[in-house]
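Colleague:
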Amino acid sequence: MNTITIECLRYHPESDAEPRFQSWPVPFTDDMSVLQGLQYIKDHLDGSLTFRWSCRMAICGSCGAMVNGVPRLTCETFLRDLYPGPVRIEPLNHFPIVRDLAIDQADFLGKLQSVKPYIIPDAEPQGTYLQTPEQMERYYQYSKCINCLLCYAACPQYGLNDRFTGPAALALLHRYNADSRDAGKAERMEVVNTEDGVWGCTLVGYCSEVCPKGVDPARAVNQNKIESTKDYFFRFFRK
Amino acid sequence: MKTYIRPMSGWWKRNPFYLWYMLREASCVFITAYALMLLWGLYRLQQSRIQYEEWRESLSSPLSFAFHAFALVLVVYHSWTWFKIMPKTLPRMPLPDGLVVVGGVAAVVACTTALMVLI
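Sequences listed follow chains S and P, in order.
Counting along the first sequence from 1, when you hit position 122 you're at 122 in our numbering, and nothing is skipped either side.
One gets our numbering by counting positions in the second sequence from 1 and adding 1000 to each.
1) Please classify S/Gln-36: is it buried, with 16 or more other beta-carbons within 10 angstroms of its beta-carbon, or exposed?
2) Going along chain S in order, which residues have a C-beta closer than 8 Å to the C-beta of P/Tyr-1018?
3) In terms of alpha-carbon separation, which member of S/Thr-194, S/Ala-17, S/Thr-132 lies closest to S/Glu-227?
4) Within the same chain, show all residues whose beta-carbon is closer than 8 Å to that of S/Ala-102, passing over the 5 residues directly before and after it, in chain order.
5) Does the region 13-32 of chain S come into contact with the region 66-74 of chain S, if we say contact requires no fewer than three beta-carbon pairs (one atom in each stretch) closer than 8 Å?
6) Scan the region 1084-1096 of chain P for residues whose Cβ lies nearer than 9 Å to a Cβ of chain S and list them as they occur along the chain.
7) Comparing the C-beta of P/Lys-1013 with each C-beta of chain S, is any distance below 8 Å?
8) Who are the near neighbours of S/Val-191 in its chain, counting only those whose CB is closer than 7 Å to its CB and skipping five residues on each side?
9) Determine, using beta-carbon pairs with one atom in the region 150-164 of chain S and one in the region 121-134 of chain S, whether at least three such pairs fall under 8 Å.
10) Within 10 Å of its beta-carbon, does S/Thr-77 have 16 or more other beta-carbons around it, so buried, or fewer, so exposed?
11) On a CA-only basis, which of P/Asp-1097, P/Tyr-1004, P/Ser-1079, P/Gly-1098 is nearest P/Val-1109? Give me that one, please.
12) I'd like to confirm the pairing. Which residues does DSSP put opposite S/Pro-71 in its beta bridges?
13) If P/Gly-1104 and P/Phe-1083 are in contact, beta carbons under 8 Å, what's the gap, nearest whole angstrom?
14) Is the CB-CB distance between S/Val-204 and S/Cys-155 below 8 Å?
15) Please tell me whether P/Ile-1031 has its Cβ less than 8 Å away from any Cβ of chain S.
16) Which value, in whole angstroms, describes the spacing of the CA atoms of P/Val-1075 and P/Val-1117?
17) To test your reading of the DSSP string, which unbroken alpha helix (DSSP H) runs of 4 or more residues are found completely within the region 113-167 of chain S?
18) Mind listing the chain P neighbours of S/Tyr-11? Cutoff is C-beta to C-beta under 8 Å, in chain order.
19) Excluding sequence positions up to five away, which residues of its chain have a Cβ less than 7 Å from the Cβ of S/Asn-177?
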């Protein structure tokens, strides 16, 4: 069995003025993920290490962290691919650290709420909604977002200005605006049109690179720059 | 709740992706300088042929040649980055992203070649 060094950023608010790194040698097998390496540390080396996880299969979006400086889901990143190491694990960039690898998600959750991520029908539904495959194709990729926040950790604009609505919330906003069953676009355009809406994006594009589910938030944001521009000019023709 | 927020200083040096992004943004400075130089040439042209020739003469120094060569490289890189992300900025197209990028680059090559042949 090989051994790899895992370095974790540690921060205990009750005793640390600022974060520090701590390293452990971790024995691993070929099928072990970075998350399992962290679990090995917690179970055998230091029970005080704090990190979030749940499903272990890239569905829940809980275990995101910076792995050697890149935002990754630790459950689908394998230690064998990082050998001989060391592997440096840090909390997701651009978020306040609560403890060790756990970040404060409150800002994102507020933004998610602001984009009304649910179908707003124009009238009381009468039976089953019908939708063609082509209509579904318009929003389907954006519905795969698992709110893992890797895209926020990849976005320097969010790091520099946390008022920016950010990639995942704007991708989910687009997911509902693009849905043929939805009639809430006008309400969501208020978020899109602000300086901290789509116009806070400078198209770095790294958000789409790091998404573990193949969502393309950069596309959603930039599609909505067109929508926002149309919304601005076409207001003169509306009654 | 006490939390720790890490500083952003030097963020663009932390990942090669950000370095390329910053190069794309910084290339605007040289592209603007090149455009202003051309505008100055147009201004001199409307003054008189002699002044236009003086402007041309002033561009023949090794320093000017180096600037133009450098600006050309940056213009090519800058243009390529925008063609690369063009599919993300367009309305839904019935074409694969790769074809949109290739189409954009091919259009530039065709227009440039046509201009060089005509002028």
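All C-beta atoms, glycine included, are put in the ideal place defined by N, C-alpha and C.
Modeller: Put simply:
1) Position 36 of the first sequence, counting from 1, holds the residue named residue 36 of chain S. If you draw a 10 Å sphere on the C-beta of S/Gln-36, you find 16 or more other C-beta atoms in it, and that means buried.
2) Taking the first residue of the second sequence as position 1, residue 1018 of chain P is located at position 18. Among the residues of chain S, those whose CB is under 8 Å from the CB of P/Tyr-1018 are Pro-156, Val-204, Tyr-206, following chain order.
3) Looking up residue 227 of chain S in the first sequence gives position 227. Ranking the options by Cα distance to S/Glu-227, first place goes to S/Thr-194.
4) As a position in the first sequence, residue 102 of chain S is number 102, starting the count at 1. So the list reads Thr-50, Phe-51, Arg-52, Pro-91, once near-sequence residues are dropped.
5) No: fewer than three Cβ pairs fall under 8 Å.
6) The region 1084-1096 of chain P vs chain S, Cβ under 9 Å: Lys-1084, Ile-1085, Pro-1087, Lys-1088, Thr-1089, Leu-1090, Pro-1091, Arg-1092.
7) Residue mapping note: residue 1013 of chain P aligns to position 13 of the second sequence, counting from 1. Not closer than 8 Å to any Cβ of chain S, the Cβ of P/Lys-1013 fails to qualify, so no.
8) Here residue 191 of chain S refers to the residue found at position 191 when the first sequence is read from its first residue. Around S/Val-191: Ser-114, Val-115, Thr-165, Leu-173, Gly-197.
9) In the pairwise beta carbon analysis, the region 150-164 of chain S is classified as not touching the region 121-134 of chain S: fewer than three pairs are separated by under 8 Å.
10) Position 77 of the first sequence, counting from 1, holds the residue named residue 77 of chain S. Answer is buried; the Cβ neighbour count reaches 16.
11) In the second sequence, residue 1109 of chain P corresponds to position 109, counting from 1. Comparing Cα positions, the closest option is P/Ser-1079.
12) Position 71 of the first sequence, counted from the start, is the residue given in the question as residue 71 of chain S. Residue pairing by DSSP puts S/Pro-71 in a beta bridge opposite S/Met-66.
13) Stepping through the second sequence from its first residue, residue 1104 of chain P is reached at position 104. Stepping through the second sequence from its first residue, residue 1083 of chain P is reached at position 83. In this structure P/Gly-1104 is in contact with P/Phe-1083, their Cβ atoms being roughly 4 Å apart against a cut-off of 8 Å.
14) For the purposes of this step, residue 204 of chain S is identified with residue 204 of the first sequence, where counting begins at 1. For the purposes of this step, residue 155 of chain S is identified with residue 155 of the first sequence, where counting begins at 1. The beta carbons of S/Val-204 and S/Cys-155 sit closer together than 8 Å.
15) As a working mapping, residue 1031 of chain P is identified with position 31 in the second sequence. So, not an interface residue.
16) Within the second sequence, residue 1075 of chain P is the residue found at index 75, counting from 1. Within the second sequence, residue 1117 of chain P is the residue found at index 117, counting from 1. Each residue's alpha carbon lies about 21 Å from the other.
17) If we require 4 residues or more, the alpha helix (DSSP H) runs fully inside the region 113-167 of chain S come out as 133-137, 150-154, 156-160.
18) Translated into the one-based positions of the first sequence, residue 11 of chain S becomes position 11. Those are Tyr-1004, listed as they occur along chain P.
19) Here residue 177 of chain S is taken as the residue at index 177 of the first sequence, counted from 1. These residues qualify, in order along the chain: Lys-185, Arg-188.
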